[in-house]
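Peer 1:
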Amino acid sequence: MHPVLSTVLQRLGLGLATLLAVSIIIFISIELLPGDFGQIVLGQAATKETVAAFRLELGLDKPSYLRYFDWVVGVVQGDLGQSFSGRAASGQDRSREVAELIGPRLKNTLFLAGITALISVPLALLLGISTALYRNSIYDRSINATTLTTISFPEFFVAYILILFLSSLNQWLPSLANVDAATPLDERLLRVALPVLTLTLVIIAHMMRMTRAAIINLLASPYIQMAQLSGASRTEVIIKHALPNAWAPIATVIAFNLAYLVVGVVVVEVVFVYPGIGQLMVDAVTTRDIPVVQGCALIFAVTYILLNLIADIIGIITNPRLLHPK
Amino acid sequence: MKDKFIEKQAQKLTDGVIDRRKFMMSVLATGLTVPAALGLANKAEAAAPNRGGTFRYGCGHGSTTDTLDSGTSENHFTLVNTYNISNHLTHIDSDGQLKGDLAESYESSDAQTWRFNLHKGVEFHNGKTLTADDVLASYEHHGGDASKSAAKGLLSAVKSVKSDGPNTVVFELETPNADFPYIVSDYHISIRPEGDMTSGVGTGPYVIDDWEPGVHSKLNRNANYFKSDRAHFDRVEMTSIMDTTARQNAVMNGDVDCADKVDLKTVALLARSPNLEIDETTGTGHYTFPMRLDVAPFDNYDLRMALKLAVNRQELVDKILLGRGAVGNDHPISATQAYHASGLEQREYDPDQAAFHYKKSGHSGSIQLSAADAAFAGAVDAAQLMAASAAKAGISIEVIREPNDGYWSNVWNKKGWSACYWGGRPTPDWMFSAAYTEDTEWNDTAWKTTDAAVKFNKLVVEGRAELNEVRRGEIYAECQSLIRDDGGCLLPMFYNNVWARSKKVAHSGELAANWNTDGAKLCERWWFA
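First to last, the protein sequences are chains A and B. What the first sequence shows, in this note's numbering, is residues 1 to 326, in sequence order. What the second sequence shows, in this note's numbering, is residues 327 to 855, in sequence order.
#1: Count the other C-beta atoms from every protein chain shown that fall within 10 angstroms of the C-beta of residue 653/B, then say buried if there are 16 or more, exposed otherwise.
#2: In angstroms, rounded to a whole number, what distance separates the CA positions of residue 414/B and residue 530/B?
#3: Can you find at least 3 beta carbon pairs, one from the segment 202-211 of chain A and one from the segment 233-253 of chain A, that sit closer than 8 Å?
#4: Helix, strand or coil for residue 659/B? Go by DSSP, reduced to three states.
#5: Using CA coordinates, which residue listed in 66/A, 70/A, 284/A is at the minimum distance from residue 540/B?
#6: Bridge partners for residue 381/B per DSSP, in chain order?
#7: At what residue ranges does the segment 718-772 of chain B contain a whole run of the alpha helix (DSSP H), taking only runs of 4 or more?
#8: How is residue 489/B classed by DSSP in three states: helix, strand or coil?
#9: Relative to the C-alpha of residue 685/B, which residue among 648/B, 735/B, 630/B is closest?
#10: Whole angstroms are fine: how far does the CA of residue 400/B sit from the CA of residue 657/B?
#11: Report yes or no: do three or more beta-carbon pairs, one from the segment 215-231 of chain A and one from the segment 256-273 of chain A, lie closer than 8 Å?
#12: Apply the 10 Å Cβ neighbour rule to residue 738/B and answer buried if 16 or more other Cβ atoms are within range, or exposed otherwise.
#13: Cα-Cα, which of 4/A, 324/A, 312/A, 292/A is closest to residue 101/A?
#14: Along chain A, which residues have their Cβ under 8 Å away from the Cβ of residue 704/B?
#15: Among 725/B, 838/B, 627/B, 445/B, which residue has its Cα nearest to the Cα of residue 426/B?
#16: According to the neighbour-count rule (16 or more other Cβ atoms, all chains shown, within 10 Å of its Cβ), is residue 63/A buried or exposed?
#17: Under the three-state reduction of DSSP, which class applies to residue 323/A: helix, strand or coil?
#18: Mind checking who residue 417/B pairs with in its DSSP beta bridge?
#19: Check whether the Cβ of residue 842/B lies closer than 9 Å to any Cβ atom in chain A.
#20: Leaving out the 5 sequence neighbours to the left and right, which residues in its chain are closer than 7 Å to residue 267/A when beta-carbon positions are compared?
#21: Taking only beta-carbon positions, decide if residue 153/A is within less than 9 Å of chain B.
#22: Go through its chain and collect everything with a Cβ distance to residue 135/A's Cβ below 7 Å, but skip five positions before and after it.
#23: Can you give the Cα-Cα distance for residue 124/A and residue 218/A, rounded to whole angstroms?
#24: Would you check whether the ligand PLP has a heavy atom nearer than 8 Å to the C-beta of residue 745/B?
#25: So, is the C-beta of residue 351/B closer than 9 Å to a C-beta in chain D?
#26: Residues of chain B with CB under 9 Å from residue 163/A, in chain order?
#27: Return yes when the Cβ of residue 191/A is within less than 9 Å of the Cβ of residue 177/A, no when it is not.
#28: For residue 71/A, which three-state DSSP category applies?
#29: Roughly how many whole angstroms lie between the Cα atoms of residue 6/A and residue 576/B?
#30: Starting from the Cα of residue 251/A, find the closest Cα among 139/A, 288/A, 307/A, 2/A and give me that residue.
#31: Give the C-beta separation of residue 828/B and residue 583/B to the nearest angstrom, bearing in mind that I take them to be a contact with Cβ-Cβ under 8 Å.
#32: My output table needs one value for residue 546/B: the three-state DSSP class, helix, strand or coil.
#33: Which same chain residues end up closer than 7 Å to residue 699/B when comparing Cβ atoms and leaving out the 5 residues on each side of it in sequence?
#34: For residue 728/B, is the classification buried or exposed, using 16 other Cβ atoms within 10 angstroms of its Cβ as the cut-off for buried?
#35: Could you pull the DSSP bridge partners for residue 165/A from this structure?
#36: If we ignore side chains and look at the alpha-carbon of each, how far apart do residue 309/A and residue 168/A end up?
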């Protein structure tokens, strides 16, 4: 079997095992939350009887290992279950499929993450390579100082500062990113401009500095010195000789940041009122809508596992020693 | 004759039936001079709500658990949305008066049998014409045996609902209730077409175009809306913006035209924005610290009185509401409501009297007060202020900070003394029945067995059936006095509803105070200036 293929399969298998472990952790953490859906939904109006009626209707009266088993069996069959909401005191079941709830939100999140990645990844690589090329120059130092500054501030602070300058004082960009399925692409891009800018500022330093460090690390290797002695220009040395060997660590860091863009941007979503999956999950946690929380957490876990898998594959493909093992 | 004609033409211009040019031509024909005619035209047009535009509303509520079934409406987003898509038999108008909504008129001779005559020719969004059967089906949905509507308890006194011809509905009540027309204005009990209570089809001013619970509701104007002088926007876009800073930014930057629930701490800064107007109404909503009479030491009259006297109400209004509210007098009827007992003396902070009653009660040791910001924003701070003011009277209050999670299940209505909020109710009877009579589950003061409480319960039943306004006023004044002095209700303040509105949006100047944002009917009542 081709070594890449066998690694992928092996990693996928491990990923599934990780997912199983994660699912148990998710389930246990939700069990630990105080209060249940009935109490939260009814709020001031919660009585023992109505809460008990809710528990019965939602199957919360069953022992937890049974509920876990039901859930896992459902997920394996591709069924994330029904949301608890909509069953509240309504008489009839108008709850929605978790998949149907998560679907549009996930699309929005992936759109935001995708646009941010399209801008920030090439930019980070470009900055990383160019700062390695002109290392210790004024250019290098100022880029480093700027990116380190933006990563040091919490993202909500960056977001509010951008809103202040770009949409309050000068009304150039909208501060509300409330897109929906019907929003045309050009308006959608305009609406996500500020969130994308915020996220770019937050993640770019990590990727850029890893690119720079990985390349500089290689510049001391004997084969680079050989290339330099053979008369290759600085640019040629870095692009042609150093960069191919630096892909593995860079890919890992990029994967890490992309995963963050999918699972960790709830603060940015709240500040810009972007209907992403993070907000949905926070909503679901506060209302104890357990199937939705579980669904979101599972998707987050899958995102991490897949992106890491891709980073590993890139690492293997770009490293001849791993690609052709003895 | 001439004046009458001019008046009629002006009304036509106001309503947009004729344009300015036609108006000028017609009034000049009566012999009026051009400047006079121009003045009339300007006046008529200024008063005219303009039709058109997309009204964007940033709402500080909304949850993925929201539905289009008004029976489960529980936050301001669903409340406004219910009013957008549907109507009720009656409603509370901008001037605070109860008026017919889908009911053209209503009457009763004995307060026990109520007849509601419906407007004729009202159409649902799906083209079906409204009949009494739709009203019956809607009331079955909310008040029937199988109903899980939040209004079920409210309708428990309805014995039967019958139609009398296609346009009349007759309610038969178990016991007389002079306030019944108010009950049917409750936002839960919206009228929907028979067989479809939940899809969002109603008779309302706007038709659902796109609905995403917890995110947005987008609606287009109902071209067949039965009120010709309402629903001025072509389109309404409601967005749920939970983050206060984001909501205020949005209205400041013009991304929305109105934002509710503004932060009281920064509202003064917000008011400085040249594009914004701050609206404020004093409603029926209030914050309370109910003491349960079934838990010692609150069963002691003197202790309750000592605590009521040991609270500096004005300080709470100044520091917790930042002045945007009014002091309470330990009963739940606000000064802006009908039947408010204005003759009752305002209870003031009086450490000496408090110390006197405290000593008389014979209690010693500290008194526990449970609070969490789940009760209302600033509840814990308010409790601390109360502890400080009570300390001056020699009363020791120990503030227990409770977790927000599960506050309503584990603390409120369970612990002896806790913090609570009430949105208020439009009539005294409704408010009393919700939280103070012996039969309600939400009687959070457990004030049931004292002599005053027994008397109070009798009076409430009597007042409900009383059609004589003067006598009713006397009864309700006495009820308020009984709660104030003997009850376990410590009610220090009524809060104002404050929201920010773009100057591009206008309203009549009168704002209903029964709910935030003009009685939650902003989309129906406001227009673009």
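Glycine included, C-beta positions come from ideal geometry on N, C-alpha and C.
Peer 2: Let's see:
#1: Residue 653/B should be labelled buried.
#2: Take the alpha-carbon of residue 414/B and the one of residue 530/B: they are about 9 Å apart.
#3: Counting Cβ pairs under 8 Å, three or more are found: they touch.
#4: For residue 659/B, the three-state secondary structure derived from DSSP is coil.
#5: 284/A
#6: 562/B
#7: Unbroken alpha helix (DSSP H) stretches of 4 residues or longer found wholly inside the segment 718-772 of chain B: 733-736, 754-761, given in chain order.
#8: The answer is strand: DSSP assigns residue 489/B an E or B state.
#9: If we check each option's Cα against that of residue 685/B, 630/B comes out closest.
#10: 24 Å
#11: no
#12: buried
#13: Nearest option by C-alpha distance: 292/A.
#14: Simply none; closest approach about 18 Å.
#15: 445/B
#16: exposed
#17: helix
#18: 425/B
#19: no
#20: 155, 156
#21: no
#22: 216
#23: 18 Å
#24: No copy of the ligand PLP occurs in the structure displayed, which carries no ligand at all.
#25: Considering every chain present, this structure includes no chain D. Its protein chains are A and B.
#26: 571, 572, 575, 579
#27: yes
#28: helix
#29: 52 Å
#30: When 139/A, 288/A, 307/A, 2/A are compared, the shortest CA-CA separation from residue 251/A is found for 307/A.
#31: 4 Å
#32: Strand.
#33: 705, 706, 730
#34: buried
#35: The partner list for residue 165/A (beta bridge, DSSP) is empty, contrary to what the question assumes.
#36: 42 Å
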